[in-house]
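In the UniProt record's numbering, the protein residues as written are 1 to 387.
For every residue, glycine included, the Cβ atom is placed at its ideal position computed from N, Cα and C.
Worksheet: the structure to be examined is printed underneath.
Below, the structure written as structure tokens:
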């Protein structure tokens, strides 16, 4: 059989930046997975209430936002909510929207319209009156509560149906790809060009002493290259006592490595959010290095402009789920150049803690040349040259 797992995630769509989706994922074959993404039935009402929140949020900061627009968006949200299929929390959704309606009426009675009119005429208080601010804040919190009721607890029956559909699709795909997967396995054992596509850390141990793991990402296409940790996956079934101890040690090492790798990703993204494109640091066990760099279509290095704090704070979190952070970063770093004419790359390396910084830099240069042989890319520029 095929075991299919499901998760609720929020993705950016034309309706909203937080549209709820169900993601079903399963493993079809070694190193081959199937992921099925589907919108849940509440996408329209979820998008509508997010539009309402954006509208209300701009009321106290702009005199151009019309109260009538917010009123129409609220009515649209209520109409869409009434069309929801009965579920375990439909009553909670309607109750939350009724509370939002009462808070909206209270907001209109707070003197918001009068303050907006005074602002548009160039008079009145410059700061938002405390009564208006309190009413708008309460309304925003009520809208967020309603959104959580709508988007987060998805309808269980719909989830079961979607999961069953995804499971049938996984079984079909696994059957159809079985012979192809076996063919690739055979080719990987007899053809080094196929074999090199399956990277393992032990391939690099001799040439890069101290290297534990690395991640190379072409951010122009969001394609990732990284060695597998399968070398550390050893089954303890049917092993002798000493072999069982080794298997347990391998499992512990693999878990520690995975934890440190994800920690490295978090630290790297934190520095990237602050405008730092090249970072090296250590902990008690490992040394870490992170580099992000830009090239033109001729693989010539392009030095980015430094961004001030206001620009950096306006960027989304590094990633591509809500918005393409890297495309926006490129646009700000090279305001006079089309983002399509530039390529963005990232590399992260984990070394044993005893490895020195100069050695990490030297190995990073050689490592990228090795990775480019696998990915079929070439570059005349090394990110470590930035340091």
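message: Here's the rule: buried if 16 or more other CB atoms are within 10 angstroms of the residue's CB, otherwise exposed. What is residue 216?
response: It is buried - the Cβ of residue 216 has at least 16 other Cβ atoms within 10 Å.
- prompt: On the premise that residue 66 lies in contact with residue 132, defined as a C-beta separation below 8 Å, what is that separation, rounded to the nearest angstrom?
  reply: Contact flag wrong, Cβ pair sits at about 16 Å.
- request: My understanding is that residue 473 touches residue 49, with C-beta atoms under 8 Å, so please give their C-beta distance in whole angstroms.
  value: Outside the displayed span of the chain (1 to 387) sits residue 473, for which this structure offers no information.
field: Own chain partners of residue 237 with C-beta closer than 8 Å, once the 5 adjacent residues on each side are dropped
entry: Low local confidence applies: a pLDDT of 47 at residue 237 is under 50, so the model's placement there is unreliable, with the coordinate-based value given in what follows. None.
message: Quick check on residue 172: does DSSP put it in helix, strand or coil?
response: Correct three-state label for residue 172: helix.
query: Rounded to a whole number of angstroms, what is the C-alpha to C-alpha distance between residue 291 and residue 35?
result: Taking the CA atoms as reference points, residue 291 sits about 30 Å from residue 35.
- prompt: residue 148 to residue 13, Cα distance in whole Å?
  reply: 18 Å
- request: Determine, using beta-carbon pairs with one atom in the region 328-338 and one in the region 294-313, whether at least three such pairs fall under 8 Å.
  value: yes
task: Using the DSSP secondary-structure output, state which residues sit across from residue 218 in a beta bridge.
output: 223 and 345
- request: Measure the alpha-carbon distance for residue 278 versus residue 289 and round it to whole angstroms.
  value: In a straight line, the C-alpha of residue 278 is about 8 Å away from that of residue 289.
task: Write down the C-beta distance between residue 177 and residue 32 rounded to the nearest angstrom, noting that I regard them as a contact closer than 8 Å.
output: 7 Å
- prompt: Based on Cα-Cα distance, which residue from 345, 276 and 316 lies nearest to residue 295?
  reply: 345
field: Proximity of residue 212 and residue 348 at Cβ, strictly below 8 Å
entry: no
message: I believe residue 19 touches residue 11 by the beta-carbon criterion, under 8 Å. Please report the beta-carbon distance rounded to the nearest angstrom.
response: 6 Å
Minimum length 3: unbroken beta strand (DSSP E) runs contained in the region 46-84: none
task: Buried or exposed for residue 183, please, with buried defined as at least 16 other CB atoms from any protein chain shown within 10 angstroms of its CB.
output: Exposed, since its Cβ has fewer than 16 Cβ neighbours within 10 Å.
message: Using a Cβ-Cβ cutoff of less than 6 Å, which residues in the same chain neighbour residue 368 once the five nearest sequence positions on both sides are dropped?
response: none
message: Suppose you measure from the CA of residue 338 to the CA of residue 82; what does that come to, to the nearest Å?
response: 46 Å
task: Could you check which residue in 166, 268, 96 and 210 has the C-alpha nearest to that of residue 4?
output: Ranking the options by Cα distance to residue 4, first place goes to 166.
field: Alpha-carbon to alpha-carbon, residue 6 and residue 164
entry: 10 Å
Classification of residue 86 by the beta-carbon crowding that lies within 10 angstroms, buried from 16 upward: exposed
task: Give the straight-line distance between the Cα atoms of residue 181 and residue 25, rounded to the nearest whole angstrom.
output: 18 Å
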